[in-house]
Amino acid sequence: MELTYGEAIREALYKELENNQSVVLFGEDIRHNLYGYTDNLFNRFGGKRIINTPLSEAAVVGTAIGAAMCGLTPIVDLTVTNFLYVAMDQIVNMAAKINYMYNGQFKLPLTIMVSALYNSSSAAQHSDRPHPAFMNTPGLKLVAPSCPQDAYSLLRSAIADENPVIYFSDRSLFYTKENVDENSNIKIGQASLLTEGKDITIVTISGCTQMALDLLPELNNNNIYAEIIDVRSLVPLDINTIKKSVSKTGRVVIADTANKSCSAASEISSILAEDLFSALKAPIGIVAYDNVPVPFAKKLETKIMPTKEKIFQKVINILKYHN
Amino acid sequence: MDKNISRIKSVIKDTLKINPEKADETKKFIDMENFEKISLLRKMIKIRCFEEKVTEYKLNGKILGPVHTCVGQEAIDVGVCSALSDHDYIVGNHRSHGYMIAKGAKINLLMAEIFGKSTGTNGGKGGSMHVSDISIGSLTASGIVGSGLPIACGAAFASQYKNDGKITCVFFGDGAVNEGTFHESLNLASIWKLPVIFLLENNGVAVTTLLDQVSASQDLYHRAESYGIYSKKLDGQDVEEVYNSVKSAISYIKEGNGAVLLEAKTFRFREHQEGPAYARMTETGYRDKNEVNYWIENKDPIKCFSNKLIEENAITTMEIERIFKEENKKIEDALEYAKNSPFPLDKDAYRNIFNQ
């Protein structure tokens, strides 16, 4: 069926709630569907399973962790990414470490949902894309879908997973639309090869995927054939799919919605430089947010953020490079 | 000195009596067979012997990392865990040995964990501060003060959701009441009527910071009132009072009234952690030595309960000495077990990052 990205999230929630009685959803303002993906869930599943919580992010995430340890399958909707910080202790000191510290005594089927709200004049706090911070916290799985199908399938996989998963949705993609196959299962940890090409690999994260896809006609007009890979899952990272492509093309641009410093892009770049140095024909190119807090003024945010144009320019520069 | 002692005496005198509505429970306890009372005494002695041995091996360098002992606070661990059922959950903190032993943890595995051995409760991945064993209903033991309260709410939420009749008890100290999670968790437990006991061990000090420096009121149980949670304070040195209060709390919760907070007034006989850096704190005079000595002399939970049982003719001094000897022997055996156990394999460092 044809669904928007936001509708795909709602359908995945609905399906998991319907199929598994142990699934419960905690969140702020979910009862009245403020964020557009909990429509009718309260009426259908009731207040015992669709739990409108107080503004207590730390305690709510901790409650979800405890409930997961004792047999439930909780989902916490923290809405916007920056609310992760309010629950940081429970996420980093508890959720990420319980499996390891107690040596596998507990299952922790916990999903934390957040939306990245950049490029929307939301200013510095609400515009964060903090997925790299959590890549540096072993014990968490991280997914970042970039199309309705992945939004649907990855959310279902996240809920079914017996580990804590942070589900980073991308608000800039909420109204993209495509046909979604409800039976398509996407395992966490699988990148998606979107186009095949011989000249350069473009590795994309979250909303940067759409920017790269939008570039395709222009690249082809310039006789450039790019292999676009959407990582989809940041942890575990499907580095083999990326390596395979870069081994073939010898050139790579990585586009990330995060701030450039210690980003997912810089991590992938570091792995490629370490493991695949001899295959590289040119330096690795990175397009990401410049390292500044996100400014409110649209003109200023456009200046610092990754764009289609910046990716194009970087691709051209990398292709021009010759030893 | 006099001022301090009179303050302490007034605290003890002022501790609330057992809830009169729950007099039945109290009577039931008084009617307990002597051997059941002796079993409470034995558990406290077991913990004391365990902690003394662990301290010895921390100080001689054989145990690595932070070690927090609960010497002086054994009546709380034993009173609480004896009142709980085997299947009930406990959520702990950094001072984690006492309630684990009281809840029935195998001391061999506990000791092995503290020695970082592969046979330990956590396979050597947790250590003293994080010992936990789901087979006795123990969930997390966290070194982040106050972080266990939300976990307990979650366990209680699951019990309520599944209607499995389990109670969750979370142990935390007076240091935790100024953490946001304390307030958030009490509020959640109250609005959702969760089957959880908040067991506040008020030993009056957070590492070296005295409670009167960080809280205008020394009676912390009042804080629960503003969240609509039934709360009371009790003498944490009196194992019978702790046991009875928890039994009453369980009945109250099982009647569907929701969470309870119990503030057990107690005293940390030793420093925050074992080891020279903390031993040095004793000399700084952050707390009154006379006060420390007063509690050790007059409010040792094992001494107090022993004297009471002797007065009741439930036990003799010789029998108590025998219990000490027997428990010490078990601790020695646990120590041997721990020493002889292998360290984890290198590959274990990469196991259980995720549940496969």
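For the protein sequence lines, the chains are A and B, in the order given.
Mapping the first sequence onto the numbering used here, position 269 (from 1) lands on 269, and the numbers just tick up by one.
Every position in the second sequence, counted from 1, becomes a number in the numbering used here once 1000 is added.
Even glycine gets a Cβ: it sits at the ideal position worked out from N, Cα and C.
As the structure is a computational prediction, the values presented were derived from the model and not from experiment.
Proximity of residue i and residue j at Cβ, strictly below 7 Å
i       : j       : result
A/V180  : A/L3    : yes
A/L142  : A/I112  : no
A/A258  : A/I286  : no
A/S270  : A/P132  : no
B/V1239 : B/V1078 : yes
A/A212  : B/P1150 : no
B/G1146 : B/F1182 : yes
B/C1049 : B/I1229 : no
A/E178  : A/P217  : no
B/L1261 : B/S1231 : yes
A/N33   : B/N1355 : no
A/M101  : B/H1097 : no
A/D256  : A/S146  : no
B/K1289 : A/N103  : no
B/E1327 : B/I1045 : yes
A/S233  : A/I188  : yes
B/I1136 : B/G1165 : no
Alpha-carbon to alpha-carbon, residue j and residue i
i       : j       : result
B/V1080 : B/Y1227 : 23 Å
A/F83   : B/A1156 : 24 Å
B/T1026 : B/Y1099 : Because B/T1026 carries a pLDDT of 47, less than 50, the predicted location of this residue cannot be relied on, and no value is offered for it.
B/I1323 : B/V1170 : 29 Å
B/I1101 : B/I1047 : 7 Å
A/Q313  : A/E267  : 22 Å
A/G335  : B/K1193 : Since the first residue shown for chain A is 1 and the last is 323, residue 335 of chain A is missing from the structure and cannot be characterised.
B/E1056 : B/L1110 : 16 Å
B/E1389 : B/N1298 : This structure does not reach residue 1389 of chain B, given that chain B is present from 1001 up to 1356, and the question cannot be answered.
B/R1042 : B/Y1294 : 24 Å
A/K107  : B/V1067 : 27 Å
B/H1094 : B/G1123 : 18 Å
B/K1247 : B/K1303 : 23 Å
B/E1319 : B/K1106 : 24 Å
A/P130  : B/E1283 : 46 Å
A/G62   : B/K1162 : 18 Å
A/G66   : A/K303  : 43 Å
B/T1317 : B/D1348 : 48 Å
A/I50   : B/A1083 : 34 Å
A/E7    : A/M69   : 30 Å
A/N20   : B/A1158 : 15 Å
A/N136  : A/V92   : 10 Å
A/T209  : A/Y118  : 15 Å
Contact test: residue i Cβ vs the ligand GTP heavy atom, cutoff 6 Å
i       : result
B/S1142 : Only the bare structure without any ligand can be found here, which leaves the ligand GTP out of the picture.
Is the number of C-beta pairs between the stretch 23-42 of chain A and the stretch 64-82 of chain A that are closer than 8 Å three or more?
-> yes
Ordered list of beta strand (DSSP E) runs contained in the stretch 1122-1185 of chain B, each at least 3 residues = 1138-1142 and 1168-1173
Contact the stretch 1103-1123 of chain B vs the stretch 1340-1349 of chain B: 3+ CB pairs below 8 Å | yes
For the stretch 1092-1126 of chain B, enumerate the residues whose C-beta is nearer than 7 Å to any C-beta of chain A, in chain order.
-> N1122, G1123, K1125 and G1126
Is the stretch 182-190 of chain A close to the stretch 118-128 of chain A, with three or more CB pairs under 8 Å?
-> no
Taking a cut of 8 Å between CB atoms, which residues from the stretch 78-90 of chain A lie near chain B?
-> D89 and Q90
Do the stretch 200-212 of chain A and the stretch 241-260 of chain A meet, that is, are 3 or more Cβ pairs less than 8 Å apart?
-> yes
Complete beta strand (DSSP E) runs within the stretch 1084-1111 of chain B (minimum length 3 residues, chain order) = 1089-1093
Spell out a yes or no on whether the stretch 1057-1077 of chain B and the stretch 1255-1268 of chain B are touching, meaning 3 or more CB-CB pairs, one atom from each, closer than 8 Å.
-> yes
Taking contact to mean at least 3 C-beta pairs separated by less than 8 Å, is the stretch 1215-1224 of chain B in contact with the stretch 88-99 of chain A?
-> no
Which residues, in order along the stretch 1174-1196 of chain B, keep a beta-carbon less than 7 Å from a beta-carbon of chain A?
-> G1180, T1181, E1184, S1185, N1187 and L1188
Check distances from the C-beta atoms of the stretch 1305-1331 of chain B to those of chain A and list, in chain order, the residues that come in under 8 Å.
-> none
Residues, ordered as in the chain, of the stretch 1075-1093 of chain B that lie near chain A by beta-carbon distance below 8 Å = Y1089 and V1091
Contact between the stretch 215-225 of chain A and the stretch 307-322 of chain A: three or more CB pairs below 8 Å?
-> yes
Positions along the stretch 214-247 of chain A whose CB lies within less than 7 Å of some CB in chain B | none
What are the residues of the stretch 4-21 of chain A that lie near chain B, defined by any Cβ-Cβ distance shorter than 8 Å?
-> none
Residue ranges of each alpha helix (DSSP H) within the stretch 244-292 of chain A, 4 or longer = 264-275
Using 8 Å as the threshold, is the stretch 1172-1190 of chain B in touch with the stretch 1128-1147 of chain B, meaning 3 or more CB pairs across them?
-> yes
Is the stretch 302-311 of chain A in contact with the stretch 273-290 of chain A, if contact means three or more CB pairs nearer than 8 Å?
-> yes
Which full runs of the alpha helix (DSSP H) of 4+ residues lie inside the stretch 1262-1340 of chain B, going along the chain?
-> 1276-1282, 1289-1298, 1301-1311 and 1317-1340
Entirely enclosed alpha helix (DSSP H) segments - the stretch 134-163 of chain A, minimum 4 residues = 148-160
Do the stretch 6-17 of chain A and the stretch 149-165 of chain A touch if we need at least three Cβ pairs shorter than 8 Å?
-> yes
Quick one: which unbroken beta strand (DSSP E) runs of 3-plus residues sit fully inside the stretch 175-252 of chain A? Chain order, please.
-> 177-179, 192-195, 200-204, 226-230 and 233-235
Within the stretch 1221-1254 of chain B, note down every full alpha helix (DSSP H) run reaching 4 residues or more, in order along the chain.
-> 1222-1225 and 1239-1252
Within 8 Å of chain B by C-beta, residues of the stretch 159-170 of chain A in sequence order | E162 and N163
Interface positions of the stretch 1250-1280 of chain B facing chain A (Cβ-Cβ less than 8 Å), listed along the chain | none
Short-range partners of chain B found in the stretch 59-78 of chain A, where Cβ spacing is below 9 Å = A59, V60, V61, G62, T63, A64, I65, G66, A67, A68, M69, C70, G71, L72 and P74
Selection of the stretch 95-116 of chain A by Cβ proximity to chain B, strictly under 8 Å = I98, N99, Y100, M101, Y102, N103, G104, Q105, F106, K107 and L108
Taking only runs that begin and end inside the stretch 46-96 of chain A, name each unbroken beta strand (DSSP E) of 3 or more residues, in chain order.
-> 50-52 and 73-80
Which full runs of the alpha helix (DSSP H) of 4+ residues lie inside the stretch 1044-1078 of chain B, going along the chain?
-> none
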